[in-house]
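Trainee:
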Amino acid sequence: MKKLLCLSLMIGCVSPAFAAKHYNDEIYVCTLSPFTDTFADAATTEDAARYKVSQRCLKSQSDMFCRAQEANCFTTSLSANNESNNHKSVTLFSKKNQRGQSIDISRDMPNFFDTDFNDKMVSFKIPSGWKVRFYEDINYQGKSYTYKGGKDNADGFEHAISSMKILKK
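Residue numbers (mature numbering (1 follows the signal peptide of the UniProt record, and there is no 0)): -19 to -1, 1 to 150.
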């Protein structure tokens, strides 16, 4: 319970500082927990968050227990004034976990050949409240996959999508 409280306080203190500059950007939060202590830090890149939490840990622990590569990390996004995500497009990514080359799409897309992203999607991020259908062929043909707002990997249909329809905004 103490660990959760400390982590919540740390994120709460870091959030306003990041939110002003990185509104709705993803940040990385990493923790190290040698013995009964928990150390946490955040940054805009995973490598930076790992480094920062490692340095924080080293202030009171041996380097044996504060290795950056052993930190547990997760991503979160910050919203100023508790606003919801104002992003008004679907983002497709060429690598798992919303990484790699990306493209933002805000309207129906009957043919990804026009965007040079045909059969490249491996993960995606859909704005909250939206519903999207991905198709394996152009012009909304072939096998389809329907998703609501959030982010996910295209497991089972990665590198297979050629068109997309926004069903609900």
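Backbone N, C-alpha and C fix where the C-beta goes; we use that ideal spot for every residue, glycine too.
#1: Quick check: the Cα distance between alanine 24 and alanine 30, rounded to an integer number of angstroms?
#2: Are there 16 or more other CB atoms within 10 angstroms of the CB of methionine 90, so buried, or fewer, so exposed?
#3: Ordered along the chain, which non-local residues of its own chain (more than five positions away) have a Cβ less than 8 Å from that of arginine 80?
#4: In whole angstroms, what is the alpha-carbon distance linking tyrosine 116 and leucine 148?
#5: Is the beta carbon of cysteine 47 sitting closer than 9 Å to the one on phenylalanine 20?
#6: Go through its chain and collect everything with a Cβ distance to residue 159's Cβ below 7 Å, but skip five positions before and after it.
#7: Report buried or exposed for serine 41, applying the criterion of at least 16 other Cβ atoms within 10 angstroms of its Cβ.
#8: Take the Cβ of serine 143 as the centre, count every other Cβ of all protein chains shown within 10 Å, and call the residue buried at 16 or more, exposed below.
#9: Assuming isoleucine 8 and threonine 72 form a contact by the criterion Cβ under 8 Å, report the distance between their Cβ atoms to the nearest whole angstrom.
#10: Got a sec? Which residues, its chain only, sit under 7 Å from glutamate 64 by beta carbon, not counting five neighbours each side?
#11: What residues are listed by DSSP as bridge partners for valine 113?
Mentor: Taking the geometry as given:
#1: 5 Å
#2: Using a 10 angstroms sphere on the CB of methionine 90, the tally of other CB atoms reaches 16 or more, which defines it as buried.
#3: Excluding residues within five positions, the ones whose Cβ falls inside 8 Å are Phe74 and Ser104.
#4: 13 Å
#5: At a Cβ-Cβ threshold of 9 Å, cysteine 47 and phenylalanine 20 count as neighbours.
#6: Because the chain in this structure spans residues -19 to 150, residue 159 falls outside the shown range and cannot be described.
#7: exposed
#8: buried
#9: The Cβ separation is near 17 Å, so there is no contact.
#10: Its pLDDT being 40, under 50, glutamate 64 is placed unreliably in this model, and the value from its coordinates should be taken loosely. Scanning its chain for C-beta atoms nearer than 7 Å, with the 5 sequence neighbours on each side dropped, one finds no residue around glutamate 64.
#11: Tyr128 and Ile147
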